[in-house]
Structures are given as structure tokens and as C-alpha cells.
Amino acid sequence: MTYEQVKTLKSTEFKRLWVVHPETFKDMVTVLAAEKVWQKKTSQTEQIEYRKLLMTLEYWREYRSYFHLGNSYGVNESTAYRILRKWRIF
Numbered sequence: 001m002t003y004e005q006v007k008t009l010k011s012t013e014f015k016r017l018w019v020v021h022p023e024t025f026k027d028m029v030t031v032l033a034a035e036k037v038w039q040k041k042t043s044q045t046e047q048i049e050y051r052k053l054l055m056t057l058e059y060w061r062e063y064r065s066y067f068h069l070g071n072s073y074g075v076n077e078s079t080a081y082r083i084l085r086k087w088r089i090f
């Protein structure tokens, strides 16, 4: 599911699907943006950060395999693993 599709969900549907309120998700994105500025990484767009966050929430919610997550988000299995490994720190 893309961020554009997520934005159109009602608050209750968003909570049911991602297990966090939309406001909490926006706070998470704000923290991500601050972290990105702190690290001074400008090579990736904000849209990619949304997708990484959504992938992480989906993994925590459903415990899907890296293979399935990679296919859902159009990345390789090893890329999905690296993204989720980064987020386990938080």
C-alpha cells in the first residue's frame, strides 16, 4: 500500500490497518524527518521514508516474511531485511 492510498483512509480504518492513529503516524514521520536532517542524508526522498515506515508497521502487525514484504513494496528480499533491521533499533 502506498502513502497516497494511506492518506485517503478514515481514521478508524487507518488505526485498524496499521495499529497506530494517524496522528501518531504523523509524529513518527516528523521524527524520521528530524533524524534525516540530523544525518544530513539528502539522497532519498521523503516518500521513500513513508514507505519504509509503512513496511515496518506492516511487519510488526502481521509478521510477514521478508520475501512477501519485498514483493508488496517492490524491493528485493534482502532490501526489506535491511530496512527492517534498521528500524528494530527504535
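Taking the UniProt record's numbering, the leading residue of the sequence shown gets 1, the next gets one more, and so forth.
Here a beta-carbon is modelled for each residue, glycine too, at the ideal position from N, C-alpha and C.
Nearest to residue i (by Cα), restricted to the options the options
{"i": "Ser72", "options": "Met28, Thr56 and Phe25", "result": "Thr56"}
Secondary structure of residue i, DSSP reduced to three states
{"i": "His68", "result": "helix"}
{"i": "Tyr63", "result": "coil"}
{"i": "Leu9", "result": "coil"}
{"i": "Val29", "result": "helix"}
Unbroken alpha helix (DSSP H) run spanning residue i, endpoints
{"i": "Val75", "result": "From DSSP, Val75 is part of no alpha helix (DSSP H); its letter is neither H nor E."}
7 Å Cβ shell around residue i - same chain, five flanking residues per side excluded
{"i": "Trp87", "result": "Thr56"}
{"i": "Phe67", "result": "Glu77"}
For residue j and residue i, the rounded distance between their alpha carbons
{"i": "Thr8", "j": "Phe14", "result": "9 Å"}
{"i": "Lys26", "j": "Val20", "result": "10 Å"}
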